[in-house]
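Q: Here the sequence shown stands for residues 1 to 512, numbered as in full-length UniProt numbering.
Just so it is clear, CB atoms sit at the ideal spot from N, CA and C, and this is done for glycine as well.
Mind looking over this structure? Questions follow.
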Amino acid sequence: MANLDDSDKQFVYLQMIKHAILEINYDKKIRKNYTDFVRQFYLNSDQQLNIIDTFEENYNLHSPIWWYTRKCNIYHMLRKAFYKKDFEIIWRLGFFIRDLNRDIRKSHLQTHNHQRSLVTVYRSTAIKTADFEKLERSEGGVLAFDDFLITTLELNVALKFANTLCNDPGMIAIIFKIDIDPITSTMSYIALNNLSFFSNTEGEVLFSMNTIFRIEKLEKRQDRLYQVNLTAVGKKDEEIKNILEYMDEVTLGLSGWYKLAKLLVDVKQYDGAENIYKFCFSQTQENHRDERAFVQHELGHLNELKNNYPSAIEHYRTALGIDLKHLEAVHPALLSTHVNLGDVLLKNGDFNEAIKEYKSALKIEKPEKLNVPVQYNNIGKVFLKQRMHSEAQQNFEKAVQILLQEFPTARRELADTYHNIGEMYYLIKDYAKALNYYDKTLELDQKVFSQNDPSLASTYYNLATVNEALKLHKKAIQYVEKAVEIVQAFYGNNHAETKAYVKYRTQLQQTS
């Protein structure tokens, strides 16, 4: 389970990932992909290997509910994957997650669709004391169970199991009492009586995925045993509506595997995303050039995020190669790949190649109007890295001239260019001019960013360094104090940037 108030948004992304999994159209190849993958975990168990073989060959002979309740490898892998947020396993099991969810919904419609009376079920578990304290603070909020929830209609069964969980001093036993109003709730559930692999499942109820509940009340039943009363919520719930709207915004325009891969990148599950993109590329026909180029571009972006620059360069160039087979060299669709390739070449120290890509971006027909000054700024940054200050200045000034004349509201782009000019003057030790441009950068940054944005901290840090160079130590300390305050609030004390700023502040204080 995960609480919707989690600051790192991992819960919301998990919901989005599960929604994306349910939207994908799978074929038999992905089932074979899973069984080939999972065998490595059961090499010492002939019994499980035989079950995997049977699952692969005879999957359609039984219902997904039957397979899940068999509690073999697929059950354990799924539970483990959701508990550990192992997205590599989750996406490989996507076909089964979708099939099981559909099976539960179909069975629910057949057996419970006309039900009108309140349903109450129970679920016993144990949670860490810290998680229980968070649960206590969340009364009135919402709670979600990550996987397919198995519950019981019998309180005494739940209570008996909960009592066995009370002995661990680091854990709190919980009985979740779940009330479902079939009239207002949209979630699906099914009694397992005649559907389970096992025959002794009388009174057990299985829920579909994405079950979200409202926390109504916490009651202490005895020492280290609490009852938490939950009610099912539907899509009309205001908080749930906000989450669903956020989910739509984040993945706008994407669907299927590409939607899932993008979400995995967002939560920094790069290996899982990379495997999905490679799988998609292997399944995409040669004549689907746009899609193949898109996948290679995304692989380039992903490897850039991993700081694997040689691989990123290779994928971006592959994307360009595919596009150039059917597009003219000045086609607007090539713009982002040229720019991104230029960026990663710059990071990799391939300066001349980076300039070539930025110049190619300048030649694009009918690009976004801001493209021209942005590319002049990019070319200037490359020359700056090469310590070719005159060439850098020429390109920065071209960018500024175009921005001021044609894009007076493009504050972020102008601020970035002013910052680069300030850095150039700092490097040639013309500190007065560097200060002037850093001041201009700050003026624009304060209009663009919130007062706690890390970009503003970077500008304050630059102002501190140039004021130190001008022997204005008091001002330098004032600026670095502002930078430290922002990064501490945003990143925390253990982040590398925070430590660097704090170290610099200490050095200034010792020399002033």
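Ordered along the chain, which non-local residues of its own chain (more than five positions away) have a Cβ less than 7 Å from that of M1?
A: Position 1 of the sequence shown, counted from the first residue, corresponds to residue 1. The predicted position of M1 is uncertain, since its pLDDT is 47 and thus under 50; no value can be drawn from it.
Q: Between L320 and R292, what straight-line distance do the alpha-carbon atoms span, to the nearest angstrom?
A: Taking the sequence shown and counting its residues from 1, one reaches residue 320 at position 320. Taking the sequence shown and counting its residues from 1, one reaches residue 292 at position 292. Roughly 11 Å separates the two Cα atoms.
Q: When you compare each of L264, G170 and N101 to A126 by their alpha carbons, which one comes out closest?
A: Position 126 of the sequence shown holds residue 126. If we check each option's Cα against that of A126, G170 comes out closest.
Q: Counting pairs of Cβ atoms below 8 Å between the segment 175-193 and the segment 203-215, do you hit three or more?
A: These segments touch.
Q: By Cβ distance below 7 Å, which residues in the same chain neighbour S7 in space, the five residues on each side in sequence not counted?
A: As a first step, residue 7 must be located in the sequence shown, where it is residue number 7. Low local confidence applies: a pLDDT of 41 at S7 is under 50, so the model's placement there is unreliable, with the coordinate-based value given in what follows. Nothing meets the Cβ criterion.
Q: Please report how far the alpha carbon of T54 lies from the alpha carbon of K177, in whole angstroms.
A: Counting from 1 along the sequence shown, the entry for residue 54 is found at position 54. Counting from 1 along the sequence shown, the entry for residue 177 is found at position 177. Between T54 and K177, the C-alpha separation is close to 37 Å.
Q: Would you call the segment 96-107 in contact with the segment 66-81, where contact means no fewer than 3 C-beta pairs closer than 8 Å?
A: yes
Q: Beta-carbon separation of D323 and L334 under 8 Å?
A: Locating residue 323 in the sequence shown gives position 323, counting from the first residue. Locating residue 334 in the sequence shown gives position 334, counting from the first residue. It is a contact, given that the beta carbons lie within the stated cut-off.
Q: Could you please give the first and the last residue of the uninterrupted alpha helix (DSSP H) stretch that includes L225?
A: Against the sequence shown, residue 225 aligns to sequence position 225. L225 -> not in any alpha helix (DSSP H); beta strand (DSSP E) instead, spanning L225 to A232.
Q: Using three-state DSSP, classify E286 as helix, strand or coil.
A: On the sequence shown, position 286 is the one that residue 286 refers to. Reduced to three states, the DSSP call for E286 is coil.
Q: Please classify Y461 as buried or exposed, where buried requires at least 16 other C-beta atoms within 10 Å of its C-beta.
A: As a working mapping, residue 461 is identified with position 461 in the sequence shown. When all chains shown are included, Y461 counts as buried.
Q: Expressed to the nearest angstrom, what Euclidean distance is found between the alpha-carbon atoms of A20 and L299?
A: Here residue 20 corresponds to residue number 20 of the sequence shown, with the count starting at 1. Here residue 299 corresponds to residue number 299 of the sequence shown, with the count starting at 1. Their Cα atoms are separated by approximately 19 Å.
Q: Considering only residues of the same chain and omitting the five flanking positions on each side of D5, which have a CB-CB separation below 7 Å?
A: Within the sequence shown, numbered from 1, the residue matching residue 5 stands at position 5. With a pLDDT of 43 at D5, under the threshold of 50, the modelled position of this residue cannot be trusted, and the question is left open.
Q: Assign R387 to one of two classes, buried (16 or more other C-beta atoms within 10 Å of its C-beta) or exposed (fewer than that).
A: Along the sequence shown, read from residue 1 onward, the residue named residue 387 stands at position 387. Flag for R387 reads exposed.
Q: What residue does the alpha helix (DSSP H) around T459 start on, and which one ends it?
A: Residue mapping note: residue 459 aligns to position 459 of the sequence shown, counting from 1. Element bounds for T459: P454 to A469.
Q: Under the DSSP definition of a beta bridge, which residues are partnered with E406?
A: Numbered from its first residue, the sequence shown carries residue 406 at position 406. Answer is none; E406 lacks a bridge partner.
Q: Quick one: what does DSSP say F145 is sitting in, helix, strand or coil?
A: Walking along the sequence shown from the start, residue 145 turns up at place 145. Per DSSP, reduced to three states, the secondary structure at F145 is strand.
Q: Can you tell me the Cα-Cα spacing of Y501 and E56, whole angstroms?
A: Within the sequence shown, numbered from 1, the residue matching residue 501 stands at position 501. Within the sequence shown, numbered from 1, the residue matching residue 56 stands at position 56. Looking at the two C-alpha atoms, the distance is approximately 56 Å.
Q: Can you say whether H326 is buried or exposed, counting buried as having 16 or more other CB atoms within 10 angstroms of its CB?
A: Within the sequence shown, the letter at position 326 stands for residue 326. So H326 ends up on the exposed side.
Q: Whole-angstrom Cβ separation of L195 and S107, contact assumed at under 8 Å?
A: Your numbering for residue 195 matches position 195 in the sequence shown. Your numbering for residue 107 matches position 107 in the sequence shown. L195 to S107, Cβ: 7 Å. Contact.
Q: According to DSSP, I174 sits in a beta bridge with which residue or residues?
A: Residue mapping note: residue 174 aligns to position 174 of the sequence shown, counting from 1. DSSP, once it has assigned bridges, lists T125 and Y226 as partnering I174.
Q: Less than 7 Å between C-beta atoms, sequence neighbours within five positions excluded: which residues of the same chain meet that for T318?
A: Within the sequence shown, numbered from 1, the residue matching residue 318 stands at position 318. Excluding positions up to five away in sequence, the list reads Q296.
Q: Go to L93, then tell me how far its beta strand (DSSP E) extends in each direction, as first and last residue.
A: Here the question's residue 93 lines up with position 93 in the sequence shown. Segment: none, L93 is in no beta strand (DSSP E) and carries neither H nor E.
Q: Determine the burial state of D416: buried for a count of at least 16 other Cβ atoms within 10 Å of its Cβ, exposed for fewer.
A: Residue mapping note: residue 416 aligns to position 416 of the sequence shown, counting from 1. Classification of D416: buried, given that the 10 Å Cβ count is 16 or more.
Q: Span of the alpha helix (DSSP H) holding L362?
A: Looking up residue 362 in the sequence shown gives position 362. Counting along the chain, the unbroken alpha helix (DSSP H) around L362 starts and ends at F351 to L362.
Q: Taking the CB atoms as reference points, tell me whether I89 and N73 lie closer together than 8 Å.
A: Here residue 89 corresponds to residue number 89 of the sequence shown, with the count starting at 1. Here residue 73 corresponds to residue number 73 of the sequence shown, with the count starting at 1. Not in contact: I89 and N73 (Cβ atoms no closer than 8 Å).
Q: In whole angstroms, what separates the C-alpha of T111 from that of V250?
A: Numbered from its first residue, the sequence shown carries residue 111 at position 111. Numbered from its first residue, the sequence shown carries residue 250 at position 250. The straight-line gap from Cα to Cα measures roughly 36 Å.
Q: At what residues does the alpha helix (DSSP H) containing V502 begin and finish?
A: Here residue 502 refers to the residue found at position 502 when the sequence shown is read from its first residue. Taken as a continuous stretch (DSSP letters only), the alpha helix (DSSP H) holding V502 covers A496 to T511.
Q: Helix, strand or coil: how does DSSP classify Y309 here?
A: In the sequence shown, residue 309 corresponds to position 309, counting from 1. It is helical.
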